[in-house]
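Heads up: the sequence shown runs through residues -18 to -1, 1 to 101, numbered per mature numbering (1 follows the signal peptide of the UniProt record, and there is no 0). Here is the structure we will look at.
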Amino acid sequence: MKSFTVIVVAALVGFTNANHGRMTYYDPSVGAGACGTTHSDSEHVVALDATQFKAGGNPNNDPVCGKHIKISYNGKSTEALVVDKCPTCASQAIDVSSSTFKDIADLSVGVVQVDWDFV
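Pasting the structure below:
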């Protein structure tokens, strides 16, 4: 009976595939991102670390492009659209537009550790 109770509680609470990593910001308006689209710094966009991209040769065709993620930090959260790859980011780290970063923390902080997941 104990194992059944644990399973039921786990199902009710839910499991998350949340990622935890470093968040920095960049200016996405410098050109087309890895997903082949251009964006401004005022848009809520994100570049994911290279391990999140699975398509291989042409990242424009990667299924991660165009997905949204929810980012949480210190009781605040926001969402951003995946438009780019961050080749210098560590696993689970993200690089976001400054408008996205400002939803979470002041730009002067520069770097924060966040939880994020696909929505």
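Built from N, CA and C at the ideal position, the CB exists for glycine as well.
Just to confirm before moving on: does the CB-CB distance between residue i and residue j stay below 9 Å?
i     : j     : result
Ile86 : Asn56 : yes
Gly48 : Cys71 : no
Ser54 : Gly3  : no
Considering only residues of the same chain and omitting the five flanking positions on each side of residue i, which have a CB-CB separation below 8 Å?
i     : result
Ser81 : Asp23, Ser24, Glu25, His26
Roughly how far, in whole angstroms, is the beta-carbon of residue i from the beta-carbon of residue j, given that I think they are within contact range, below 8 Å?
i     : j     : result
Ala14 : Thr20 : 5 Å
Val64 : Val46 : 5 Å
Tyr7  : Leu89 : 7 Å
Asp44 : Ala37 : 4 Å
Glu61 : Val94 : Glu61 to Val94, Cβ: 16 Å. No contact.
Per DSSP, what are the beta-bridge partners of residue i in this structure?
i     : result
Thr60 : Ile53
Gln95 : Arg4
Cys47 : None; Cys47 has no bridge partner.
Cys68 : Asp31
Val78 : Tyr7, Val28
So, for residue i: in the same chain, excluding its five sequence neighbours on each side, which residues have a beta-carbon less than 6 Å away from its beta-carbon?
i           : result
Val96       : Met5, Ile53, Tyr55
residue 179 : Here the chain covers residues -18 to 101 and nothing more, so residue 179 does not appear.
Counting C-beta neighbours from all protein chains within 10 Å, is the total for residue i 16 or more, i.e. buried, or is it exposed?
i     : result
His79 : Per the sequence presented here, residue 79 reads as Ser, with His not at that position. Looking at its Cβ environment, which holds 16 or more other Cβ atoms inside 10 Å, Ser79 is buried.
Pro69 : exposed
Thr33 : exposed
Lys58 : exposed
Lys67 : buried
Starting from the C-beta of residue i, find all residues in its chain whose C-beta is less than 7 Å away, skip the five residues before and the five after it, and write them out in chain order.
i     : result
Asn42 : Cys17, Gly18
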